[in-house]
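>
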Amino acid sequence: MAPINSSPADDYDAVRRSVEYLIDNWRNQPPLGAVAKHVGLNETRFQKLFKRWAGISPKDFVQALTIDHARYLLRDSASILDAAYEVGLSGPGRLHDLFVTHEAMTPGEYKAGGAGLEMIYGFHDCPFGEALVMATSRGLSGLAFCNDIRGRAPTLADMIRRWPNATFREDPDATAHYAARIFDPEQWRSEEPLRVVMIGTDFEIRVWEKLLRIPVGAATTYGDLAAALGKPKAARAVGSAVGRNPVSFVVPCHRVLGKTGSVTGYHWGVTRKHAIIGWETGLINKSSESLSLGDFG
DNA sequence: ATTTGGTGTTGTG
DNA sequence: CACAACACCAAAT
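Numbering-wise, this note's numbering comes out as the position in the first sequence, counting from 1, plus 142.
(1) Name the one or two DSSP bridge partners that G293 has.
(2) For a test of the three-state rule: what should DSSP assign to R236, helix, strand or coil?
(3) When the distance is taken between beta carbons, is L215 closer than 8 angstroms to W168?
(4) Could you check what DSSP says for A246 in three-state terms: helix, strand or coil?
(5) What residue from L336, L285 and D202 has the CA that sits closest to K428's CA?
(6) Could you give the DSSP three-state label for Y263: helix, strand or coil?
(7) For A277, list the residues DSSP reports as bridge partners.
(8) In chain order, what residues of the same chain have a beta carbon less than 8 angstroms from the beta carbon of Q189, not counting five sequence neighbours either side?
(9) If you compare alpha carbons, which of V405, V392, E334 and A196 is closest to L152?
(10) Check D437 in the structure and name its three-state DSSP category.
(11) How is the alpha helix (DSSP H) around I209 delimited, first residue to last?
(12) At which residue ranges does the stretch 364-405 contain complete alpha helix (DSSP H) runs of 4 or more residues, listed in the order of the chain?
(13) Leaving out five residues before and five after I426 in sequence, what residues of the same chain have Cβ atoms less than 6 angstroms from its Cβ?
(14) Assuming H454 and G385 form a contact by the criterion Cβ under 8 angstroms, report the distance between their Cβ atoms to the nearest whole angstrom.
(15) Could you check if H266 is buried or exposed, using at least 16 other CB atoms within 10 Å of its CB as the buried criterion?
(16) If we count Cβ pairs, one from each stretch, closer than 8 angstroms, do we get three or more for the stretch 334-343 versus the stretch 241-256?
(17) Could you tell me if G381 is buried or exposed, where buried requires 16 or more neighbouring beta carbons within 10 angstroms of its beta carbon?
(18) Look at the alpha carbon of P374 and the alpha carbon of D366, and state the distance between them as a whole number of angstroms.
(19) For R187, which residues from the same chain have a beta carbon less than 6 angstroms from its beta carbon, with the 5 sequence-adjacent residues on both sides left out?
(20) Taking the Cβ atom as the reference point for each residue, do D300 and I262 lie within a distance shorter than 8 angstroms?
(21) Where A273 and L285 are concerned, what is the direct C-alpha to C-alpha distance, given to the nearest angstrom?
(22) How many Å lie between L298 and S279 at the Cα?
(23) On the DSSP bridge list, what partners appear for L336?
(24) Using the Cβ count rule (16 or more neighbours within 10 Å means buried), how would you classify N387?
(25) Roughly how many whole angstroms lie between the Cα atoms of S390 and G182?
(26) May I ask which residues mark the beginning and end of the beta strand (DSSP E) holding R311?
(27) Select from I324, Y154 and G293 the residue whose C-alpha is nearest the C-alpha of G281.
(28) Would you grab the beta carbon distance between T362 and I356 for me? Rounded to a whole angstrom, and I think it's under 8 angstroms.
(29) So is G424 buried or exposed if we call it buried at 16+ other beta carbons inside 10 Å?
(30) Per the DSSP calculation, G175 is bridged to which residue(s)?
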């Protein structure tokens, strides 16, 4: 009895467990049945669930976890952050999520104006588990993920700690539309961009602005990001700043990889980083089916 | 494979 | 002001 209305959120727990398994075992090319067994589902049921969630088969997903695929994502790492790339000279030219406008708020401004700054928040299902969405009247200010076991509280505490002078009010009815839109690629439109407010230090904001230039289906490295900021030796500082990005997924910190293509840390768990990268690979496959763009020639 | 040394920025005291 | 921490990276064991 397959559930009729099963959503990506319902599927994520099984997907997460399979991704954990695949991260440990992809070298051995585990057969589909072994993965299915590990998550406690029969083969066909697992296959369908996975395809529904990722848009691609488990086999293609395993491919998306390999170092080869990571290197493919990095193919234009340095140029991705250039203006020329954005104009479309060398870029994929598709699914470039310029669906975000942002404004920055430095700590100084925040402190001065922070007296009236209220954040509303709500928890919402998404393809990567339960998400915490936070917003000010000026736009989306935070997006975080809940721990699979420990639940909501640590995630909320993590976010509240970042803005000690703000006030917080739970209002899921007011944040629901953010979640619905952010995780539905059909709604990624540049005509009516998502408003994001970035609250951080000057350096952090410069790093996060760069992240917004990385399209779906591409990735860059900490080193190239540092170079693009004019500080070629600051890879590690960039790593710290990327790690403090409060608006994960929307500001795509998951598209920053190590120089070699290794998937390095993720504030919300490396498993989740892999899951997001694989899920986005599914988007690319879907869009190339309909567009059949023969680029990268 | 693992260790070591050089990095820039931030948070803490 | 000093110092530790960090989602890095290259060079040397």
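Glycine included, each C-beta is placed from N, C-alpha and C at the ideal position.
On the basis of the coordinates in this document:
(1) N289
(2) Reliability fails at R236, whose pLDDT of 47 lies under 50, so the model's placement of it is uncertain and the value that follows must be treated cautiously. The answer is coil: DSSP assigns R236 none of H, G, I, E or B.
(3) no
(4) strand
(5) D202
(6) strand
(7) I262 and L282
(8) L174, A178, S199 and P200
(9) Correcting the residue identity first, residue 152 is Asp in this sequence and not Leu. Of the listed residues, the one whose Cα sits closest to D152 is A196.
(10) Any reading at D437 needs caution, since the residue's pLDDT is 37, under 50, leaving its predicted position unreliable; the model's value is listed next. Coil.
(11) I209 to L215
(12) 364-370 and 377-385
(13) G359
(14) With the chain represented from 143 up to 439, any question about residue 454 goes unanswered, as that position is not in the structure.
(15) buried
(16) yes
(17) buried
(18) 7 angstroms
(19) none
(20) no
(21) 7 angstroms
(22) 19 angstroms
(23) V242
(24) buried
(25) 30 angstroms
(26) T309 to E312
(27) I324
(28) 6 angstroms
(29) buried
(30) Paired residue(s): none; G175 is not in a bridge.
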